[in-house]
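These notes concern the structure reproduced below.
Numbering (this note's numbering), first residue to last: 349 to 588.
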């Protein structure tokens, strides 16, 4: 069987190739510790899913996958990470994300997606997804049908999903900001104690002032005793 014969059925080859890319990228999303690296792999996974939607005869769903999820939602994730401001150590670690080791796997998976999409587009009118649509027994979903379904039958579910996303955003910001404020407060208190011990006379010299007052009291007492002894000696001399 020749290599070109494998590409006769564009839908089947593209489906399995993009499915493999989506699986690998999704595993990297949950395995990577750095959130920026996880977002890069998530972009690749969402683009692969968009290609699968196009193959299955749902171009509108594929376009939404690219525009909404791979575009707007991931931009939202990036803004959340920026608002959390995870600290200097995390910034130093994220400064290494431009290395070739980090970009190797996402670049390879993106290349596979690009090859599949370019081949499908080069097929021209011969590729319309008829084979998959006929096998499944479905119809091509248009933007009109999706809009009617979202604003009639699934309106409540759409609003609930929007509220859940908003609540998750607010909760993530609150938790991250609280942890950051606690860390900054601890650093500020330690720095303030060190500064007061060096420069603030009310704190650093308080013990010194205490000791000086004690020494002054002792000096006055000793001086008083010395004066008393002098007067006593003079009185004794006069009597003698």
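Heads up, the beta-carbon is just placed ideally off N, CA and C, and yes, glycines get one too.
Original post:
By a C-beta neighbour count over all protein chains shown, 10 Å radius and 16 as the cutoff for buried, is residue 371 buried or exposed?
Top reply: exposed
Subject >> Selection from 388, 363, 386 and 513 that minimises the alpha carbon distance to residue 404 >> reply: 363
Original post:
With distances taken between CB atoms, is the gap from residue 496 to residue 396 smaller than 7 Å?
Top reply: no
Original post:
Given a threshold of 16 other Cβ atoms within 10 Å of its Cβ, counted over all protein chains shown, does residue 400 qualify as buried or as exposed?
Top reply: buried
Original post:
What are the boundary residues of the alpha helix (DSSP H) that includes residue 387?
Top reply: 383-403
Subject >> Cβ-Cβ separation, residue 422 to residue 378 (assumed contact under 8 Å), whole Å >> reply: Actually they do not touch by this definition, with Cβ atoms about 16 Å apart.
**OP:** Quick one: residues in its chain with C-beta nearer than 7 Å to the C-beta of residue 383, no 5 flanking neighbours on either side, listed in chain order?
**Re:** 429
**OP:** Locate the alpha helix (DSSP H) running through residue 419, then write down its first and last residues.
**Re:** Per DSSP, residue 419 belongs to no alpha helix (DSSP H) and is neither H nor E.
Original post:
CA-CA distance, residue 427 and residue 520?
Top reply: 11 Å
**OP:** Let me know the secondary structure DSSP gives residue 360 once reduced to three states.
**Re:** helix
**OP:** Tell me whether residue 490 sits in a helix, a strand or coil according to DSSP, three-state version.
**Re:** Here residue 490 carries a coil assignment [DSSP, helix/strand/coil].
Subject >> Whether residue 498 touches residue 506 by CB criterion (7 Å) >> reply: The beta carbons of residue 498 and residue 506 sit closer together than 7 Å.
Original post:
Taking all protein chains shown into account, do 16 or more other C-beta atoms lie within 10 angstroms of the C-beta of residue 470, making it buried, or fewer, making it exposed?
Top reply: exposed
**OP:** Kindly indicate which three-state DSSP category residue 507 falls into: helix, strand or coil?
**Re:** helix
Subject >> residue 406: first and last residue of the uninterrupted alpha helix (DSSP H) it sits in >> reply: Counting along the chain, residue 406 falls outside any alpha helix (DSSP H), and DSSP gives it neither H nor E.
**OP:** Look up residue 482 in the DSSP assignment and say whether it is helix, strand or coil.
**Re:** Here the model assigns residue 482 a pLDDT of 45, short of 50, so the residue's position is not dependable, and the following value carries that caveat. Residue state, collapsed to three classes: helix.
**OP:** Go ahead and label residue 373 buried or exposed: buried means 16 or more other beta carbons lie within 10 angstroms of its beta carbon, across all protein chains shown.
**Re:** buried
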